[in-house]
Structure formats: C-alpha cells, structure tokens
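Count the sequence shown with the working numbering and you get residues 1 to 304, in order.
Before any comments, here is the structure.
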Amino acid sequence: VLFIGKPKTKRAKRFLDNRASKLTENVKNAMIMKGGNTSMTVTQALKDIYALKKPSAVLYKKIPNHLYFVSYLQEFFSKKTDSSLFLFGSHNKKRPNNLIFGRLFDFHVLDMIELGIEKYNSLSDIKGSKCPEGTKPMLVFAGDAFDHENEHKRLKSLLTDFFRGPVVPSVRLAGLEHVLHFTALEGKIYMRSYRSLLKKSGCRTPRIELEEIGPSFDFILRRTHLASDDLYKTAHKQPKALKPKKKKNISHDTFGTKFGRLHMQKQDLAKLQTRKMKGLRKRRGPAAAAVVAGETSLKSTEVE
C-alpha cells in the first residue's frame, strides 16, 4: 500500500490536494492492463481502447494474470495512478480473447464483467480519417436487454462510466463528431465506432451522416461479478451540497415548460393607485367651493 506522509514541498502539496476528496471529482482514469498470456487480438484491442480513452488512461505492458486481482495490488495500482476504472486483457484455451471491464469503489472492486471477443476490426483495418484524441463521445445503447436485464443494466452503467469522458458545461455542434454505439441482441454485444459528418442540407439544420472509423467488436457476455444492491447504492450516494434544492411553487409540464405560482395577499381596492390625470385633480380653496355651488344650482334648475 502506498504510504503518503506530510508534504514537504509545494508541488507535493498540490499533488495531494488534487488527489483529495472533493465535491466535484476528477475525471475517472482507467488502467488498461495486458495479462501474462495474451493473443495478438487482445493486444491490439487494448491499444485501440486506450486510444479511445486517452488522455484519461494508463497502459500497462504486462501484468501476470494471477497477481492483479490480489486485494493489496488492486489498492496499490489504483492509488498509484488515481484510477477507478480498469480493463484487463487475457487469453487462454478455456476463455480465448478475454476482456474484463471493471470499476473500483474506495479502492476495492465494485463490478467486473467479462466479455469475449468473437469478431474484431481494429482502427488500422478501417481506413479513413479519425477523430482527434480526447474527443468526448456520444454514447448510444440499443436493445431491450439494457433496460430490463440486471446484468445488461450494470454493463450499460459500466460502459458509460468507462467511455463518457470529462463532464463539460457546454459542447459546440462541431465537437459532436464521435459516436459509440452498443447493441444488445441475442446474447451478444455489438460495439461500433462512428464519426459524424455535418453535410449541407439547404436549411439551417445540417444533414448528419455516419462514417465507421473503428474499432468494432462483437462481444459475448461471459462471467460477471456484481456488487450487492446496498454497496451499489452506497457507491452512487451524492453529497448533500450537490443535490439540487427544491424550489417551492414551481412545476414543469410534459414538454418541459416551467410554471410558477404566486400567492398574493388580499388587496384593498380603495387604496389602489390609478393613473394620475390633470382633470381628476381635487380642487382646493374658493375655486373648489364655486364649482360645487355651480353644480348644485344646475341640479336644482333641472328639477324645476
């Protein structure tokens, strides 16, 4: 286990402050590790996924299969790189071309899902222009299994954590150029990577075309190690400071329109301030008395 003492320099203090707990956590880093026994398919697949995940990833060349999943090594590697995600690749006769996606909570394994590669096309196999490094992808999940089956729900959550990238307040339209599409069909998971092209459409809204850039995988779901519901709920707990405060008397309809309700006290209409006009001014002094006398004599004449 890494021992962290009191910092002696300002650089060390900044480093520890960056690693410390905070309300808005840092971008989730991933450890991408190659096991002792791997095939060319697994080696190239790890490199391609590392290219998609950069710069929030660390690539380890070789780690023995039986060492990484020892508890103290989990804590050592995750603390050393400040990583909460990992991808482990291995290959053997019983489970060929094996990838294990996982995530950590409090430096201990929370979820692990094992996927087998049945078909694979690398980034270099698919010709064409690629997206720049660090591009935040748009994630699309298709298939009823992602909404109804527990294992696929956790897989969807895990893949979202792994590929989502940094949280940004806004994104420009031209920056939405990378699409990762996951399809669950008949027990298999199909992963495709596309580049979105903005074409002229003759109007203000551009026409969208998708161009496959790789890598593409056909996965089969193998073993799973999922956290209990209580631990999973604890891992998703948010600090009170981040929870949005509920505003009174404000509601939204089905279309997202915002409605507000105002509670006003009972008004006295006698004290209501109206628009001031010159002809409605109150007269004072002898002029006012003369006007009143003239009105009285006019009424008496009408009665006669």
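For every residue, glycine included, the Cβ atom is placed at its ideal position computed from N, Cα and C.
Of the residues the options, which one's Cα is nearest the Cα of residue i?
{"i": "L59", "options": "L52, M31, M264, G214", "result": "M31"}
{"i": "I213", "options": "I49, D229, T254", "result": "I49"}
{"i": "M191", "options": "S21, G202, V179", "result": "V179"}
{"i": "D230", "options": "K28, Q267, F105", "result": "F105"}
{"i": "M264", "options": "N249, Q273, A270, K258", "result": "N249"}
{"i": "F163", "options": "K53, T274, R11, E133", "result": "K53"}
{"i": "V168", "options": "P7, A12, N26", "result": "N26"}
{"i": "N92", "options": "Q267, T38, D253, T24", "result": "T38"}
{"i": "R19", "options": "T43, K47, S84, G35", "result": "S84"}
{"i": "L99", "options": "S56, F141, L46", "result": "L46"}
{"i": "G102", "options": "K28, G134, L139", "result": "K28"}
{"i": "S124", "options": "F255, L272, A51", "result": "A51"}
{"i": "G128", "options": "G36, S251, S193, K240", "result": "S193"}
{"i": "M33", "options": "H152, L176, K130, K61", "result": "K61"}
{"i": "T183", "options": "L155, L87, R11", "result": "L155"}
{"i": "T160", "options": "L139, E151, N150", "result": "L139"}
{"i": "E133", "options": "A174, K8, S56, T9", "result": "S56"}
{"i": "R207", "options": "K271, A235, A174, A142", "result": "A174"}
{"i": "G143", "options": "R95, K245, Q238, L185", "result": "L185"}
Please work out which residues of its chain come closer than 8 Å, Cβ to Cβ, to residue i, disregarding the five sequence neighbours upstream and downstream, and give them in chain order.
{"i": "S170", "result": "none"}
{"i": "K188", "result": "E118, D218, F219, I220, L221"}
{"i": "F253", "result": "First, the amino acid is wrong: residue 253 is Asp here, not Phe. Contacts found: F259."}
{"i": "K299", "result": "With a pLDDT of 47 at K299, under the threshold of 50, the modelled position of this residue cannot be trusted; read the value that follows with caution. Cβ within range, chain order: n/a, list empty."}
In the DSSP assignment, find the alpha helix (DSSP H) that holds residue i and state where it starts and stops.
{"i": "E151", "result": "150-163"}
{"i": "T234", "result": "229-235"}
{"i": "A270", "result": "Unbroken run through A270: none, as it is neither H nor E."}
{"i": "I49", "result": "40-53"}
{"i": "L16", "result": "10-19"}
How would you call residue i, buried or exposed, if buried means at least 16 neighbouring beta carbons within 10 angstroms?
{"i": "D17", "result": "exposed"}
{"i": "H108", "result": "exposed"}
{"i": "E211", "result": "exposed"}
{"i": "A145", "result": "buried"}
{"i": "S216", "result": "buried"}
{"i": "M277", "result": "exposed"}
{"i": "S201", "result": "exposed"}
{"i": "R172", "result": "exposed"}
{"i": "H148", "result": "exposed"}
{"i": "S90", "result": "buried"}
{"i": "L110", "result": "buried"}
{"i": "K258", "result": "exposed"}
{"i": "L269", "result": "exposed"}
{"i": "F88", "result": "buried"}
{"i": "G256", "result": "exposed"}
{"i": "H225", "result": "exposed"}
{"i": "V1", "result": "Because the pLDDT at V1 is just 42, under 50, the model does not fix this residue reliably, and the point stays unresolved."}
Going by DSSP, what residues sit across from residue i in a beta bridge?
{"i": "E211", "result": "R195"}
{"i": "E186", "result": "Bridge partners of E186: none, in fact."}
{"i": "F105", "result": "H108"}
{"i": "M138", "result": "V179"}
{"i": "N249", "result": "Answer is none; N249 lacks a bridge partner."}
{"i": "K119", "result": "D218"}
{"i": "L58", "result": "Per the sequence shown, the amino acid found at residue 58 is Val instead of Leu. Answer by DSSP bridge pairing, in chain order: M31."}
{"i": "I100", "result": "F88, E114"}
Between which two residues does the beta strand (DSSP E) carrying residue i extend?
{"i": "S29", "result": "Rather than Ser, the amino acid found at residue 29 in this sequence is Asn. Taken as a continuous stretch (DSSP letters only), the beta strand (DSSP E) holding N29 covers 29-34."}
{"i": "R222", "result": "216-225"}
{"i": "G260", "result": "258-260"}
{"i": "G89", "result": "83-90"}
Residues in its own chain within less than 7 Å of residue i by CB, not counting five upstream and five downstream?
{"i": "T41", "result": "N97, I117, Y120"}
{"i": "E209", "result": "L197, K199"}
{"i": "P137", "result": "F163, G165, H178, V179, L180"}
{"i": "L158", "result": "F101, R103, D111, I113"}
{"i": "T81", "result": "N29, M31, V58"}
{"i": "R223", "result": "E114"}
Can you find a heavy atom of the ligand FMN that lies under 6 Å from the Cβ of residue i?
{"i": "L185", "result": "Absent from the structure shown: the ligand FMN. Ligands present: none."}
Report all residues from its chain with a CB closer than 6 Å to the CB of residue i; omit the five preceding and five following residues, and keep chain order.
{"i": "L115", "result": "L99, F219"}
{"i": "A227", "result": "L110, D111"}
{"i": "K130", "result": "I213"}
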